[in-house]
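Residue numbers (our numbering): 1203 to 1395.
All residues carry an ideal CB built from backbone N, CA and C; glycine is no exception.
Source: prediction; values computed, not measured.
For reference, the structure is listed below as structure tokens.
In structure tokens:
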């Protein structure tokens, strides 16, 4: 029951992560979302999750590039977390929001969150070569370099209320509780005109 409630909280929080990976929003929400910046970071001792090749390109601000997993990721050793920060004035003065994704075993997170929120936009063979995640999950997550091409997230399932201004998400992966890489993703959320 505790894990189920935690996953429900994670599902709500992961909607902000979707913002992180979104190009210009096409959904009829009361806001628009635009990628501003990606700031990947290396792990403390090693980098097992590398987003340094991802770039924001074009007018639509699509995400292109690749993600590298240096080794197979099982829940026995790997977890991830997401922290969300807001700068309502857009001046870079961020405050942490009371939401996010607590440290979650990687396979459970992929099964519960990736399949519901990201996989509809990341289609194997179309705009990524990351493997399809079956209903019973994918574990371990296989090592490799996976491309992302013209990533434009569908926003029709996003909440109507998202803080305006700049949002910054810090996605961090951990191996045996030690930081092994991640990225800050900064987006701008504005009222639709």
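The C-beta distance from residue 1232 to residue 1354 rounds to 19 Å, too long to meet the 8 Å contact threshold. Beyond the five residues adjoining it in sequence on each side, residue 1289 comes within less than 6 Å, by CB distance, of 1295, 1296, 1367, 1368 in the same chain, given in chain order. Within the model, the alpha-carbon separation for residue 1236 versus residue 1387 is close to 11 Å. Here the alpha carbon of residue 1275 sits roughly 20 Å from the alpha carbon of residue 1318. Distance from the CA atom of residue 1379 to the CA atom of residue 1278, rounded to whole angstroms, is 11 Å. Counted as a single uninterrupted DSSP element, the alpha helix (DSSP H) harbouring residue 1311 occupies residues 1308 to 1311. A Cβ-Cβ separation of about 18 Å leaves residue 1330 out of contact with residue 1308 under the 8 Å criterion.
Closest by C-alpha distance to residue 1287, out of 1344, 1370, 1339, is 1370. Under the DSSP assignment, residue 1388 falls in the beta strand (DSSP E) whose first and last residues are 1380 to 1393. The three-state secondary structure of residue 1318, taken from DSSP, is helix. It is roughly 11 Å from the alpha-carbon of residue 1328 to the alpha-carbon of residue 1322. Per the DSSP secondary-structure output, residue 1275 pairs in a beta bridge with 1343.
As computed with DSSP, residue 1282 is found in a beta bridge with 1306, 1375. Nearest in C-alpha terms to residue 1263, of all of 1285, 1298, 1239, is 1239. Within the same chain, 1250, 1251, 1280, 1282, 1382, 1383, 1384 come within 7 Å of residue 1375 by CB-CB distance, once the 5 residues on both sides are set aside. Cβ contact annotation for residue 1352 (same chain, cutoff 7 Å, sequence separation greater than five): 1264, 1266, 1329, in chain order.
Minimum Cα-Cα distance from residue 1256 among the listed residues 1241, 1284, 1326, 1340 corresponds to 1241.
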